[in-house]
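Student: This is the structure I want to talk about, given as structure tokens.
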Amino acid sequence: MRFRILKKSKNSRARRGIIETKHGVIETPAFIPVGTQATVKGMTVDQLKSIGYQSLLCNTYHLYLRPGDKVIKKMGGLHKFMNWDRPIFTDSGGFQVFSLGYGLEHGVGKVASMFPGEKGGVLHGETEHVIKKEKLTRITENGVEFRSHLDGSLRFLTPEKSIEIQRNLGADLIFAFDECTSPLHDYVYTKKSLARTHRWAKRSLAAFQGGDPVTTGRGSPNEMGRQALYGIIQGGAFRDLREEAAKFISKMDFDGIGIGGALGNTKKEMYKILGWFTPLLPENKPKHLLGIGAPDDIIQGVKLGMDTFDCVMPTRIARNGSALLARGGSYELLNLKLGRYLKDKNPIDKKCGCSTCKSYSRAYLSHLFKAHEILGPILATIHNLWFMEQWMKKIRQSI
RNA sequence: GGGCAGGUGGCAGAGCGGUCAAUUGCAUCUCGCUGUAGACGAGACGCCUUUCAGGCUACGGGGGUUCGAAUCCCUCCCUGCCCA
Numbered sequence: 001m002r003f004r005i006l007k008k009s010k011n012s013r014a015r016r017g018i019i020e021t022k023h024g025v026i027e028t029p030a031f032i033p034v035g036t037q038a039t040v041k042g043m044t045v046d047q048l049k050s051i052g053y054q055s056l057l058c059n060t061y062h063l064y065l066r067p068g069d070k071v072i073k074k075m076g077g078l079h080k081f082m083n084w085d086r087p088i089f090t091d092s093g094g095f096q097v098f099s100l101g102y103g104l105e106h107g108v109g110k111v112a113s114m115f116p117g118e119k120g121g122v123l124h125g126e127t128e129h130v131i132k133k134e135k136l137t138r139i140t141e142n143g144v145e146f147r148s149h150l151d152g153s154l155r156f157l158t159p160e161k162s163i164e165i166q167r168n169l170g171a172d173l174i175f176a177f178d179e180c181t182s183p184l185h186d187y188v189y190t191k192k193s194l195a196r197t198h199r200w201a202k203r204s205l206a207a208f209q210g211g212d213p214v215t216t217g218r219g220s221p222n223e224m225g226r227q228a229l230y231g232i233i234q235g236g237a238f239r240d241l242r243e244e245a246a247k248f249i250s251k252m253d254f255d256g257i258g259i260g261g262a263l264g265n266t267k268k269e270m271y272k273i274l275g276w277f278t279p280l281l282p283e284n285k286p287k288h289l290l291g292i293g294a295p296d297d298i299i300q301g302v303k304l305g306m307d308t309f310d311c312v313m314p315t316r317i318a319r320n321g322s323a324l325l326a327r328g329g330s331y332e333l334l335n336l337k338l339g340r341y342l343k344d345k346n347p348i349d350k351k352c353g354c355s356t357c358k359s360y361s362r363a364y365l366s367h368l369f370k371a372h373e374i375l376g377p378i379l380a381t382i383h384n385l386w387f388m389e390q391w392m393k394k395i396r397q398s399i
């Protein structure tokens with residue numbers, strides 16, 4: 001992997017760049033669609049390419065459980081397996097430490113707890129009587145014990161194991177194994193967790209560097225041919241911890257920097273927290289903001305020097321019937337399931353150039369969603385992914 | 001004409017003397033979704049008052065029994081199946 005900065009903004013830390021891998025390039029800033037289980041739900045790779053995507057993010061934990069990293073390795077690696085010949089990121093499974101652990105136990109996704117109170121009322125009230133479920137994880141110094149959400153079998157993920165799986169999968173850009181903490185975690189826990197995440201960062205890097213030189217490429221003269229490993233900044237909503245993390249991870253021999261974890265309780269807080277430590281990060285390394293975002297969040301992230309973003313939001317809300325719509329410099333959602341759209345001959349957005357908007361009315365889409373037809377989620381996903389790619393194009397051009 | 005089974009909120013379908021404005025599913029309406037246990041989840045859904053709550057009208061029509069009826073009895077109307 002090689003990262004080059006092509007242009008820097010004069011007004012902010014935003015930069016335009018290019019990530020080069022043996023599977024091709026990613027022009028940054030870029031939105032990276034999430035394809036957890038080696039598929040962006042409902043999309044063929046041809047559709048993704050025609051929209052303009054250069055890269056995807058898949059999930060280590062999910063693919064480890066099913067079909068198994070060894071199966072994928074035997075099939076010639078993730079690229080060949082899923083017929084995607086462009087760059088792939090894999091998340092380390094660190095997010096599942098949270099989502100299947102604390103998040104599940106407390107009935108709150110990263111989402112529900114991420115920005116509570118922003119839209120009227122703290123936690124909306126409904127979170128109060130959410131049934132607590134038993135978490136599926138147990139964290140120890142060595143790693144994380146997972147109870148598979150698929151069959152209940154016990155699995156153990158360590159930094160070394162995560163790197164091994166990611167090596168077998170063969171993604172171009174991989175992440176160190178971390179613990180994503182919750183915004184509900186207190187300072188004491190977050191500090192303790194951060195220290196452990198840093199020990200895991202060292203172990204991830206050591207496993208990576210000591211790994212198979214052909215795939216990891218360490219010692220290989222061709223830097224382009226090897227995987228790249230990103231270290232991850234945690235530290236919750238605590239300034240000293242975030243700064244400590246930024247310094248710690250920056251000093252290490254990672255190829256890129258991922259920013260993860262809980263970023264406060266409101267968007268405003270998130271931008272503030274990011275502002276604390278992003279200036280401490282090395283300029284020449286690519287930076288990935290994990291799990292963010294919404295179109296407006298991406299703008300803020302770019303201004304803070306972020307290069308890539310992955311987020312399930314555009315694809316998930318599409319499946320759930322919401323289409324992204326531009327409104328001024330920001331965006332709004334169109335809930336296609338609302339009955340009033342059954343009488344609407346317009347496309348989602350008249351000005352949109354996506355194949356959905358060129359061919360189908362809101363009425364038809366509304367009907368598809370009401371009838372639970374699979375084409376509804378597919379067409380809405382095409383639109384939302386198109387929207388995100390246009391959004392990113394505009395951002396790139398403006399830098 | 002005779003025999004049986006039924007008529008419950010937009011639909012389907014529970015309830016079969018009080019805890020029933022009535023379980024549940026669907027439909028409808030509204031909201032949410034940010035490194036995907038998610039084509040998912042939450043709330044509303046007779047009428048009226050501002051939530052808590054209270055009031056009103058309701059389980060085919062009418063009448064009755066009872067402190068109390070969607071639930072029991074009588075009667076009328078209607079529907080389905082079977083026999084003439």
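Quick note: the first sequence uses the UniProt record's numbering, first residue 1, plus one each step.
Each residue gets a CB set at the ideal place from its N, CA and C atoms; glycine is no exception.
Have a look at residue 112 and residue 291 and give me their C-alpha separation to the nearest angstrom.
Tutor: With a pLDDT of 42 at residue 112, under the threshold of 50, the predicted position of this residue should be treated as unreliable, though the coordinate-derived value follows. The straight-line gap from Cα to Cα measures roughly 14 Å.
Student: Consult DSSP for residue 310 and reduce its assignment to one of helix, strand or coil.
Tutor: It is a strand residue.
Student: Drop a sphere of 10 angstroms on the beta-carbon of residue 259, count the other beta-carbons inside from all chains shown, and report buried for 16 or more, exposed for fewer.
Tutor: Counting Cβ neighbours within 10 Å, residue 259 comes out buried, since at least 16 surround it.
Student: Using three-state DSSP, classify residue 178 as helix, strand or coil.
Tutor: Correct three-state label for residue 178: coil.
Student: Using 8 Å as the threshold, is the C-beta distance between residue 232 and residue 171 below it?
Tutor: Not in contact: residue 232 and residue 171 (Cβ atoms no closer than 8 Å).
Student: Quick check: what's the CA-CA separation for residue 12 versus residue 181?
Tutor: About 29 Å.
Student: Is DSSP giving residue 95 helix, strand or coil here?
Tutor: In the structure shown, residue 95 sits in a helix (DSSP, three-state: H, G or I).
Student: Is it the case that the Cβ atoms of residue 78 and residue 146 are separated by a distance below 8 Å?
Tutor: Going by C-beta atoms, residue 78 is not nearer than 8 Å to residue 146.
Student: Check whether the Cβ atoms of residue 229 and residue 174 lie closer than 8 Å to each other.
Tutor: Yes. Within cutoff.
Student: What are the start and end residues of each continuous alpha helix (DSSP H) run of 4 or more residues lying completely inside the stretch 167-211, in chain order?
Tutor: Entirely contained in the stretch 167-211, the alpha helix (DSSP H) runs reaching 4 residues are, in chain order, 187-209.
Student: For residue 83, which of 96, 59, 23, 95 has the nearest alpha-carbon?
Tutor: Per the Cα distances, 23.
Student: Is the stretch 55-74 close to the stretch 340-356, with three or more CB pairs under 8 Å?
Tutor: Touching, no.
Student: Grab me the residues of residue 322's own chain with a C-beta within less than 6 Å of its C-beta, minus the 5 sequence neighbours each way, in chain order.
Tutor: Here the set comprises 333, 335.
Student: I'd like to know if the stretch 18-38 and the stretch 293-306 are in contact, where contact means that at least 3 CB-CB pairs between them fall below 8 Å.
Tutor: Yes: the two stretches touch, three or more of their Cβ pairs being nearer than 8 Å.
Student: Would you call the stretch 259-275 and the stretch 358-373 touching, i.e. three or more CB-CB distances under 8 Å?
Tutor: The answer is no - the stretch 358-373 does not touch the stretch 259-275, with fewer than three Cβ pairs under 8 Å.
Student: Go through its chain and collect everything with a Cβ distance to residue 392's Cβ below 8 Å, but skip five positions before and after it.
Tutor: Closer than 8 Å at the Cβ level, and outside the excluded window around residue 392, lie 29, 30, 31, 298.
Student: Would you mind stating whether residue 93 and residue 157 have Cβ atoms separated by less than 8 Å?
Tutor: A contact, by the Cβ cut-off of 8 Å.
Student: My output table needs one value for residue 129: the three-state DSSP class, helix, strand or coil.
Tutor: Because residue 129 carries a pLDDT of 33, less than 50, the predicted location of this residue cannot be relied on, and the following value inherits that uncertainty. Note: residue 129 maps to helix in three-state DSSP.
Student: By the DSSP assignment, the beta strand (DSSP E) with residue 389 in it spans what residues?
Tutor: Segment 375-398 is the alpha helix (DSSP H) holding residue 389; no beta strand (DSSP E) there.
Student: Do residue 207 and residue 249 have their beta-carbon atoms positioned less than 8 Å apart in this structure?
Tutor: Not closer than 8 Å, so no.
Student: Please report the Cβ distance between residue 255 and residue 287, rounded to the nearest whole angstrom; I am assuming they are in contact, meaning their Cβ atoms lie under 8 Å.
Tutor: Actually they are not in contact, since the Cβ atoms of residue 255 and residue 287 sit about 11 Å apart, beyond 8 Å.
Student: Are residue 167 and residue 210 close, meaning C-beta to C-beta below 8 Å?
Tutor: Not in contact: residue 167 and residue 210 (Cβ atoms no closer than 8 Å).
Student: Please specify which runs of the beta strand (DSSP E), each continuous and at least 3 residues long, are wholly inside the stretch 305-372, giving them in chain order.
Tutor: Complete beta strand (DSSP E) runs here, min 3: 308-311, 322-327, 330-335.
Student: Between residue 354 and the rest of its own chain, which residues show a CB-CB distance below 7 Å, the 5 nearest in sequence each way excluded?
Tutor: Same-chain partners within the cutoff: 382, 383, 386.
Student: Answer with buried or exposed for residue 43, where buried requires no fewer than 16 other C-beta atoms within 10 angstroms of its C-beta.
Tutor: So residue 43 counts as buried.
Student: Among residues of its own chain, excluding the 5 on either side of residue 247, which ones have a beta-carbon nearer than 7 Å to its beta-carbon?
Tutor: Result list for residue 247: 280, in chain order.
Student: Grouping DSSP H, G and I as helix and E and B as strand, with all else coil, what is residue 123?
Tutor: Low per-residue confidence applies at residue 123: pLDDT is 29, beneath 50, and the placement is therefore not dependable enough to give any value.
Student: Count the other CB atoms, across all protein chains shown, that sit within 10 Å of the CB of residue 68; report buried if there are 16 or more and exposed otherwise.
Tutor: Looking at its Cβ environment, which holds fewer than 16 other Cβ atoms inside 10 Å, residue 68 is exposed.
Student: Within the same chain, show all residues whose beta-carbon is closer than 6 Å to that of residue 378, passing over the 5 residues directly before and after it, in chain order.
Tutor: Taken in chain order, the residues that qualify are 42.
Student: Count the other CB atoms, across all protein chains shown, that sit within 10 Å of the CB of residue 282; report buried if there are 16 or more and exposed otherwise.
Tutor: Answer is exposed; the Cβ neighbour count stays below 16.
Student: Specify, as a first and last residue, the run of the beta strand (DSSP E) that residue 5 falls within.
Tutor: Taken as a continuous stretch (DSSP letters only), the beta strand (DSSP E) holding residue 5 covers 2-8.
Student: Which residue or residues does DSSP assign as beta-bridge partners of residue 30?
Tutor: Answer is 308, bridged to residue 30.
Student: Less than 6 Å between C-beta atoms, sequence neighbours within five positions excluded: which residues of the same chain meet that for residue 330?
Tutor: Closer than 6 Å at Cβ, skipping near neighbours: 296.
Student: Alpha carbons only, please: which of 20, 236, 90 is nearest the one belonging to residue 38?
Tutor: For the residues 20, 236, 90, the minimum Cα distance to residue 38 belongs to 90.
Student: Quick check on this structure: which residue in 88, 369, 139 has the alpha carbon closest to the alpha carbon of residue 341?
Tutor: When each option's Cα is compared against that of residue 341, the closest is 369.
Student: Identify, in the order they occur along the chain, each residue of the same chain with its Cβ nearer than 8 Å to the Cβ of residue 366, setting aside the five sequence neighbours on each side.
Tutor: Once the five neighbours on either side are set aside, the close Cβ partners of residue 366 are 336, 337, 338, 339, 341, 342, 344.
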